[in-house]
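Under this note's numbering, the first residue of the sequence shown is numbered 4, with each subsequent residue one higher.
Even for Gly, the Cβ is constructed at its ideal location relative to N, Cα and C.
So the structure is just underneath, and the comments pick up after that.
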Amino acid sequence: MTTSTSTPDPAASVTQAASITPAGTLAAVSPRTAPAVAMLRLLGGFQLSQALYVVARAGVCDRLADGPRPVAELAGATGLRPELLRRLVRTLAGEDVFAYDAGRDTVALGRLGHTLCGEGEDSLRDVALMWMDTHYRPFARLWSTVHDGVPAADREYGEPFFDWLAREPERVSGFSAAMASLMRTVRRDALDGVDLSGVRRLVDIGGADGTALASLARRYPDLRGTVFDLPHVVAEAPALLAREGVADRVDTEGGDFFAAVPAGADAYLACFILHDWSDERCGRILDAVRAASAPGARLFLVETVFGEGAAPEVAALLDLTMMAMLDGRERTRADWAALLGDNGFRLDGITQTTSPMCVIAATRR
Ligand SMILES: C[S@@+](CC[C@H](N)C(=O)[O-])C[C@H]1O[C@@H](n2cnc3c(N)ncnc32)[C@H](O)[C@@H]1O
């Protein structure tokens, strides 16, 4: 569901939007928490991340889906040492992941616990696994990045992130699964803001395993489309499209969006793509869309707009991700207007959704 409508004159709100400071905090500290204690919580974020990863990877939450269990039994089922699992549970109970009953020595899911289950519409288990597997170590090199601008992941892995990722099929699947779970959870309502009335053929640029295009094809029964991504990534899409019952209308194509994208569609979607890249590299992707399309073709970007939309702390967090992992960034309304305008697109409007994402609609000049 969308919460506000397109901006009639995108340029008019540029100055105002650019001056908004995102106010999100990453930890739930109350104003009464002593500053040093609040800071210690923030500084300890890396420990909590790893504790959550252990719990997710061991499938602890899945085994609590049917109700509380004794710690010893849970330890036996997950292969973790009971005395150490108990300590993890106690710490994470303070974060609302678990509820721990010390008298009975039993553990139950807390308010957030179900989000680390493997199944379910709120599952972020694949994000927990992917972030700690691929993003955690590069972040230890953020110091160098802020001095020389080289993404920490390039330094950690000796090559750009997507090149490194391509090397192992399991990692590729893990990354696409994490993106798909973000689409089903934190970005769930973002696609509601993509109005495809009158669109006949949509190309999803960087469409990964096809989750987004399958969802749109189900909403628009006459829509045809192509999921476009790197060949080894898009190889997973046909199975998903078949499962979702849209394989007769949605095909797949592998390629490099810096070189060319499928031609002849009347609309293009880039969901969570341009934020990965610098203005210069976004210009190359937009050039490819221009070369593939006719004047009047529609472009829909699903992205955060810095300082706007629901949950601004998500944009702030993603901005750090872009800094460490790639050469992109989250952008303000003014940044989006300039990027599109400089590359031959007219910004038609920005639709806020109930998710942290906005839909930025543009038309090829
Ligand atoms: C952040 S993910 C977004 C995936 C999906 N659109 C979503 O919203 O979940 C970025 C995607 O861009 C793809 N990608 C990266 N470099 C690419 C390139 N040069 N050509 C085509 N796709 C690329 C990745 O494989 C990945 O699927």
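- Going by DSSP, Leu272 is part of no alpha helix (DSSP H) but of the beta strand (DSSP E) stretching over 270-274.
- Under the three-state reduction of DSSP, Ala111 is assigned to strand.
- With a beta-carbon spacing of about 5 Å, Val197 and Phe303 fall inside the 8 Å limit used to define contacts.
- Taking Tyr56 as reference, the option from Leu45, Asp129, Ala78 with the minimal CA-CA separation is Asp129.
- Closer than 8 Å to some heavy atom of ligand 1: that does not describe the Cβ of Phe303.
- With the rule of 3 Cβ pairs closer than 8 Å, the segment 35-54 counts as touching the segment 90-100.
- In the DSSP secondary-structure assignment, Pro73 is bridged to Thr109.
- Around the beta carbon of Gly152, fewer than 16 other beta carbons lie within 10 angstroms, which makes this residue exposed.
- Straight-line spacing of the CA atoms in Pro154 and Met326 works out to 6 Å.
- Under the Cβ criterion (8 Å, minimum of three pairs), the segment 245-258 does not count as touching the segment 308-325.
- In the three-state reduction of the DSSP assignment, Phe261 falls in the coil class, being assigned neither a helical nor a strand state.
- Per DSSP, the unbroken alpha helix (DSSP H) holding Thr214 starts and ends at 214-222.
- Put simply, of Thr335, Gly79, Asp166 the residue whose alpha carbon is nearest the alpha carbon of His235 is Asp166.
- In the DSSP assignment, the residues bridged to Val206 are Thr229, Tyr271.
- With fewer than 16 other Cβ atoms from the protein chains shown falling within 10 Å of its own Cβ, Met42 counts as exposed.
- Fewer than three Cβ pairs drawn from the segment 61-80 and the segment 139-148 lie within less than 8 Å of each other, which leaves the two stretches out of contact.
- Listed in chain order, the non-local C-beta contacts of Pro241 below 7 Å within the same chain comprise Ala250, Thr255, local neighbours out to five positions each way being set aside.
- A distance below 6 Å between beta-carbons, with the five flanking residues on each side excluded, links Gly121 to the following residues of its chain, in chain order: Asp65, Arg128.
- With contacts defined by Cβ atoms closer than 9 Å, Ser147 and Thr188 do not form a contacting pair.
- Judged by DSSP secondary structure, Asp338 falls within the alpha helix (DSSP H) whose first and last residues are 336-345.
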